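These notes concern the structure reproduced below.
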Amino acid sequence: FLPHLVASLEQVEQSYIMVKPDGVQRGLVGEVISRFERKGFKLTGLKLFQCPKELAEEHYKDLKAKSFYPTLIDYITSGPVVCMVWEGVGVVASARKLIGSTNPLQAEPGTIRGDLAVQTGRNVIHGSDSPENGKRETALWFKEGELCEWTPAQAPWLME
Ligand code: IDP
Ligand code: MG
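UniProt numbering numbers the first residue of the sequence shown as 67 and each following residue consecutively.
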C-alpha cells in the first residue's frame, strides 16, 4: 500500500474528452493525447468510435434549443471520434484550460483550440464542464468493462 499514490480518492475526478471528427480527419489524435499525457493525467478509457445520432443527441441535450443544434449533431456524427476518459485530481477544470475557449479565435495560444482550430463549429475537441458531467458523460460513452484501472509507473514522480 503506497499512501502517496492514493491522493484522497474523493478528490479524483474523471473528464470525458473527445477528439471530434475534424480532429480525427486532420490527424490530430496523437497531438491531443500527447498533451494530456505530458500534463500527467491518467488515461483510463480510449476508443475510436462512430457515434450514432441518438447518442450525439443525448450528449448535447442541453443545447437542443440552440439554432446550431442540428448542424452540431451532423458534425459529431460525420465521422469517427476518439473517446477518452482522463482521470486525476482537478482534471476537469485543468482539461478545460488545456482545451481553451469554445471559439478557437478567442482561445489562447498554447491551448488545443488556440493552436489547432479557427471555428466554433470545427473546434476539434470536447471536454466535460464539471466533475458531475465528467461522470455522466463517461457512463454515456463507455460501457462497463471498457475502462481500465491501473497505476502508471510515473505516479510517484507526479504526486508527492
Ligand atoms: P464547449 O464545447 O466549449 O463546452 P458548448 O457551449 O458546451 O462549448 O457547446 C458545445 C459544442 O457546440 C461546441 O464545442 C461547438 O462544437 C458547438 N457550438 C457551440 N456554440 C456554437 C455556435 O455558435 N455555432 C456552432 N457550433 C457551436
Ligand atoms: Mg460544453
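Using N, Cα and C, we set each Cβ at its ideal position, and we do this for glycine too.
Quick caveat: nothing in here was measured; it's all calculated off a predicted structure.
- Here residue 88 is buried. Its C-beta has 16 or more other C-beta atoms within 10 Å.
- Using a 10 angstroms sphere on the CB of residue 168, the tally of other CB atoms stays under 16, which defines it as exposed.
- The shortest CA-to-CA distance from residue 93 to any of 148, 123 and 141 is the one to 148.
- Short note on residue 181: C-beta not closer than 7 Å to any heavy atom of the ligand MG.
- In this structure, DSSP gives residue 137 a helical state, which the three-state scheme calls helix.
- Taking 7 Å as the cut-off, one finds at least one heavy atom of the ligand MG near enough to the beta carbon of residue 195.
- Here the stretch 134-145 does not lie against the stretch 217-225, with fewer than 3 beta-carbon pairs under 8 Å apart.
- Taking residue 215 as reference, the option from 129, 154, 202 and 180 with the minimal CA-CA separation is 154.
- The DSSP-derived three-state label of residue 180 is helix.
- Closest in alpha carbon position to residue 208, among 113, 126, 119 and 95, is 113.
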